[in-house]
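Each remark here refers to the structure printed beneath this line.
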Amino acid sequence: MTNNKTIKITLIKSTIGTKKIHRETIKGLGLSKINSYSILNDTPSIRGMINKVFYLVKCD
1 MTNNKTIKIT
11 LIKSTIGTKK
21 IHRETIKGLG
31 LSKINSYSIL
41 NDTPSIRGMI
51 NKVFYLVKCD
């Protein structure tokens, strides 16, 4: 049984002035500019990345 759930992640704040590791996490999520979004599989590793940069992104 596979997990086919996806999650849409949107960058809502600029990464200027944030820690380097947080900027790299945003890049790893496939986001670049404000209002850019990625649709990714809902896995524990992706959830962990979202939790790290929760103040920069919005999840749908």
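Mapping the sequence shown onto this note's numbering, position 60 (from 1) lands on 60, and the numbers just tick up by one.
In this text, a Cβ means the ideal position worked out from N, Cα and C, and glycines have one as well.
Burial state of residue i, where buried means 16 or more other Cβ atoms lie within 10 Å
| i | result |
| --- | --- |
| Thr-15 | buried |
| Ile-21 | exposed |
| Leu-34 | Per the sequence shown, residue 34 should be read as Ile rather than Leu. It is exposed - the Cβ of Ile-34 has fewer than 16 other Cβ atoms within 10 Å. |
Distance between residue j and residue i (C-alpha atoms, nearest Å)
| i | j | result |
| --- | --- | --- |
| Ile-40 | Val-57 | In the sequence as displayed, the identity of residue 40 is Leu instead of Ile. Roughly 14 angstroms separates the two Cα atoms. |
| Thr-18 | Asn-4 | 32 angstroms |
| Phe-54 | Thr-25 | 11 angstroms |
| Gly-48 | Ser-32 | 19 angstroms |
Test item: CB-CB of residue i and residue j under 8 angstroms
| i | j | result |
| --- | --- | --- |
| Ile-12 | Leu-29 | no |
Nearest candidate by alpha-carbon position, reference residue i, set the options
| i | options | result |
| --- | --- | --- |
| Thr-43 | Ser-32, Asn-51 and Tyr-55 | Asn-51 |
Under the three-state DSSP convention, the category residue i falls into
| i | result |
| --- | --- |
| Ser-14 | coil |
| Thr-25 | helix |
| Ile-34 | coil |
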